[in-house]
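S.K.: In this note's numbering, the protein residues as written are 133 to 593. Cβ coordinates follow ideal geometry from the N, Cα and C atoms, glycine included. Here's a structure for you.
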Ligand SMILES: Cc1cc2nc3c(=O)[nH]c(=O)nc-3n(C[C@H](O)[C@H](O)[C@H](O)COP(=O)(O)OP(=O)(O)OC[C@H]3O[C@@H](n4cnc5c(N)ncnc54)[C@H](O)[C@@H]3O)c2cc1C
């Protein structure tokens, strides 16, 4: 890129501009998923909204491939691009809690750990995901599934407004009263519509939860999954528990006899008093012969960061996902086969319940369409060693192929790799056409296309 143009950009931004010959380039460009290795031409490390506007103007004027980076966690590596410009929001992590109104305003580059840290002293929480290092930006714009989903809905169901820098460089607020079509599209439509510089969320009075796992031997998988599919969808909404196949890590918190053992399990998180949670989960915890059954009162931020150590940045990841309405006996048989064949210690399959409060929002009320699905299934092949990349990818794809016929058809966009336009369409179903219409108005030239892309009807020029 011409030195003079970059000098002009430098005169407009306060944050650092990092180029391939810069000292920090090799560390700043890295993504959470190290299977994906992108080399942008320019990284603008924005520190405020003015920087974001300048970066968007620069990208548009110079017709550059443009990626927006929130937490950099995306499985498909959609927070960066090769040879283009990255609008890096990782320096914009400010958070303001309005305790009286129970609202929280969060800058577009914050991580969920930042939100937990800031809201917890007020006894408040915003429904987020299962790991604290994930970005607020990407997770929210795709929907947001987590421990509080059954009780308080998806993250987008708690979004009150968003400030957005659009492709033409203008800044708008989107909420129910202003730019309502954009607000609808932002709630599930991903980063297609602009750079969200801040999100305003409704928070809930959650400080301590009752949390921990129940593990069963793999031989009991069918019995456990059959019980789980009924139990969880009828459990009180303050109970959350996702089903998983996993290898128990050799960590001191687990008895040595279980280290590196492949098991199936449920990770419980319930709000409210311990006695209430214990009683409510008892019927499921009494199924079969659990190898371990342990729950304790835990601050929510500690639960949300429980897996951070196991999954640090820099591992190899390959993702596949589907929404599931019903877990049939045949699907369970197939799960049991692939669950028993976890290729590495970090690889896993999670089934997240997305019923309860998430079902009380209509399928056309937000861009997130699968309000009638009961589970979000995600299969991830994970390992630190790049030498195992092919093995984890193959297991993940085979597992997905075996289960896809039993799915609802589309997937949670935040759990997808780059899988093509038909897969994007299947994930939005009858919201797809409206999303394309809104995309065509707000970003007609598809400046924001490093995402699960909604191609504008006519991509001009
Ligand atoms: C270990 C791990 C655990 C996860 N757990 C959960 C979970 O519990 N629940 C869940 O719902 N998801 C979960 N996810 C998936 C996660 O939601 C997606 O990976 C999401 O894309 C991450 O957001 P990010 O901001 O970190 O990603 P990035 O890679 O920075 O960005 C992802 C996409 O979002 C866009 N984007 C990000 N921020 C903005 C912004 N401010 N404005 C406009 N566009 C933006 C980017 O352009 C890109 O297209 C998990 C992912 C990982 C790796």
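Inspect the CB distances between the segment 213-232 and the segment 343-351 and report whether three or more fall short of 8 Å.
M.R.: no
S.K.: Measuring only from the beta carbon, is residue 271 closer than 7 Å to any heavy atom that is part of ligand 1?
M.R.: yes
S.K.: Going by the DSSP bridge assignment, what does residue 511 pair with across the sheet?
M.R.: 452 and 481
S.K.: Quick one: using the 10 Å Cβ neighbour count with 16 as the cut-off for buried, is residue 283 buried or exposed?
M.R.: Buried, by the Cβ-count rule.
S.K.: Thinking residue 543 and residue 453 are a contact (beta carbons under 8 Å), I'd like their distance in whole angstroms, please.
M.R.: 4 Å
S.K.: Find the nearest neighbour of residue 462 within the set 274, 482, 357 and 551, judged by alpha-carbon distance.
M.R.: 357
S.K.: Kindly indicate the opening and closing residues of the beta strand (DSSP E) around residue 372.
M.R.: Membership of residue 372 in the beta strand (DSSP E) is indicated by the continuous run 371-379.
S.K.: Let me know the beta strand (DSSP E) ranges lying completely inside the segment 184-212, each 3 residues or longer, listed in chain order.
M.R.: 198-201
S.K.: When burial is assigned at 16 or more other CB atoms within 10 Å of the CB, is residue 593 buried or exposed?
M.R.: Low local confidence applies: a pLDDT of 45 at residue 593 is under 50, so the model's placement there is unreliable, and no value is given.
S.K.: Near residue 581, what residues of its chain come up, given a Cβ to Cβ distance below 6 Å and the 5 sequence neighbours on each side ignored?
M.R.: Result list for residue 581: empty, nothing under 6 Å.
S.K.: Which same chain residues, not among the five before or five after residue 179, have their C-beta less than 7 Å away from its C-beta?
M.R.: 146, 147, 223 and 224.
S.K.: Given residue 242, which residues of its chain have a CB within under 7 Å of its CB, disregarding the five upstream and five downstream residues?
M.R.: Correct list, in chain order: 225, 227 and 268.
S.K.: Using a threshold of 8 Å, state whether the C-beta atoms of residue 353 and residue 467 are closer than that.
M.R.: yes
S.K.: Quick one: Cα of residue 300 to Cα of residue 327, how far?
M.R.: 11 Å
S.K.: On the CB-based measure, 16 or more other CB atoms within 10 Å of its CB, does residue 139 come out buried or exposed?
M.R.: exposed
S.K.: Tell me which same chain residues have a C-beta within less than 6 Å of the C-beta of residue 208, skipping the five on either side of it?
M.R.: 549 and 550
S.K.: Of all the options 271, 376, 568 and 320, which has the alpha carbon lying nearest to the alpha carbon of residue 485?
M.R.: 376
S.K.: Is any heavy atom in ligand 1 found nearer than 7 Å to the beta carbon of residue 401?
M.R.: no
S.K.: Pop quiz: residue 394 and residue 309 are said to be a contact at Cβ under 8 Å. What is the actual Cβ separation, rounded to whole angstroms?
M.R.: Contact flag wrong, Cβ pair sits at about 52 Å.
S.K.: Taking 8 Å as the threshold, find out whether the segment 572-591 comes into contact with the segment 518-528 through three or more Cβ pairs.
M.R.: no
S.K.: Would you say residue 225 reaches chain B, if we count a Cβ-Cβ gap shorter than 8 Å as a contact?
M.R.: Among the protein chains of the structure shown there is no chain B, as only one such chain exists.
S.K.: Within 10 angstroms of the Cβ of residue 332, are there 16 or more other Cβ atoms? Answer buried if so, exposed if not.
M.R.: buried
S.K.: Could you tell me which whole beta strand (DSSP E) segments of length 3 or greater appear in the segment 402-473?
M.R.: 428-431 and 448-456
S.K.: Closest to residue 506 by C-alpha separation, out of 460, 566, 355 and 176, would be which residue?
M.R.: Among 460, 566, 355 and 176, the Cα nearest to that of residue 506 belongs to 460.
S.K.: Start and end of the alpha helix (DSSP H) containing residue 271?
M.R.: 268-274
S.K.: Rounded to a whole number of angstroms, what is the C-alpha to C-alpha distance between residue 585 and residue 201?
M.R.: 15 Å
S.K.: Just curious, the beta strand (DSSP E) that residue 261 is in, first and last residue?
M.R.: Residue 261 -> no beta strand (DSSP E), and no H or E assigned at all.
S.K.: Would residue 123 and residue 480 qualify as a contact pair, given that the criterion is a beta-carbon distance under 8 Å?
M.R.: Here the chain has residues from 133 to 593 only, and residue 123 is not among them.
S.K.: Residue 398: which of 434, 384 and 359 sits nearest, CA to CA?
M.R.: Among 434, 384 and 359, the Cα nearest to that of residue 398 is on 359.
S.K.: CB residue 351 to CB residue 489, shorter than 8 Å?
M.R.: no
S.K.: Measuring straight from C-alpha to C-alpha, what distance separates residue 334 and residue 494?
M.R.: 19 Å
S.K.: State buried or exposed for residue 391, treating a residue as buried only when at least 16 other CB atoms are found within 10 Å of its CB.
M.R.: exposed
S.K.: From which residue to which residue does the beta strand (DSSP E) around residue 570 run?
M.R.: No beta strand (DSSP E) holds residue 570; the alpha helix (DSSP H) holding it covers 564-574.
S.K.: Once you ignore the five residues that flank residue 272 on each side, which residues in its own chain have a CB closer than 7 Å to its CB?
M.R.: Sequence-distant partners of residue 272 (beyond 5 residues in either direction) whose C-beta falls short of 7 Å from its own C-beta, in its chain, are 287, 288, 291 and 331.
S.K.: Residue 336 bridges to which residues according to DSSP?
M.R.: 257
S.K.: Please say whether residue 439 and residue 262 have beta carbons closer to each other than 8 Å?
M.R.: yes
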